[in-house]
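With this note's numbering applied, the sequence shown closes on residue 152, and no number is skipped along the way.
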Amino acid sequence: MPEATNADDDRRDGVQIDLISGERMDGMASMEKIRMILDGVHDGNIVILEEGLTPDEESKLIEVTMAEINPDEFNGIEIETYPKSSTRDSSLLGRIMGNDETPKKLTVIGPANQIETLHKDENLISALVSRS
């Protein structure tokens with residue numbers, strides 16, 4: 021008779037990937053987003069954001085991450101984001117006219133000891149993900 025397994029045993033056999041929609045992120049404050057991301061990464065998950073973070077949010081994510089690094093428990097994060105579109109209008113006139121729309125960009129975030137970026141260009145992020 022096969023032995024019963026629990027969810028924790030199943031989780032050790034793989035890596036959980038959390039795909040988070042832009043719609044879910046839209047209703048959240050910056051610190052809520054950062055906390056949700058870091059909580060997932062602390063649990064060993066890879067977090068993929070459909071629309072990425074603003075530059076200020078990315079800076080704050082790195083700042084909070086640095087404060088939480090502990091060599092015995094949390095090694096930090098690896099973060100990769102598709103580059104911004106070169107077609108957007110970031111001129112002063114464009115911003116005044118409302119044409120400075122934030123481009124949608126995919127962002128991949130994971131534990132630094134489990135994810136290694138192999139290649140990145142404007143169309144592809146290739147990463148090696150390992151179990152801890």
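Every residue, glycine too, gets a C-beta built ideally from N, C-alpha and C.
It should be emphasised that the depicted structure is a prediction, and the values quoted were computed from it without experimental measurement.
Nearest candidate by alpha-carbon position, reference residue i, set the options
i           : options             : result
residue 38  : 126, 93 and 138     : 126
residue 141 : 102, 133, 42 and 69 : 102
residue 6   : 47, 148, 36 and 80  : The structure shown does not extend to residue 6, since the chain is modelled only from 21 to 152, so the question has no answer here.
residue 43  : 148, 55 and 69      : 69
residue 132 : 46, 45 and 148      : 148
C-beta atoms of residue i and residue j nearer than 8 Å
i           : j           : result
residue 97  : residue 130 : yes
residue 150 : residue 138 : no
residue 88  : residue 94  : yes
residue 77  : residue 50  : yes
Pairwise C-alpha distance: residue j and residue i
i           : j           : result
residue 67  : residue 40  : 7 Å
residue 85  : residue 75  : 15 Å
residue 134 : residue 91  : 14 Å
residue 33  : residue 83  : 32 Å
residue 48  : residue 55  : 11 Å
residue 80  : residue 52  : 12 Å
residue 144 : residue 60  : 23 Å
residue 57  : residue 128 : 10 Å
residue 64  : residue 46  : 24 Å
CB contact check: residue i to chain C, cutoff 8 Å
i          : result
residue 60 : Absent here is chain C; the protein component of the structure consists of one chain.
(message) Extract the residue ranges of the beta strand (DSSP E) inside the segment 39–85, only unbroken runs of 3 or more that lie entirely within it.
(response) 66–69
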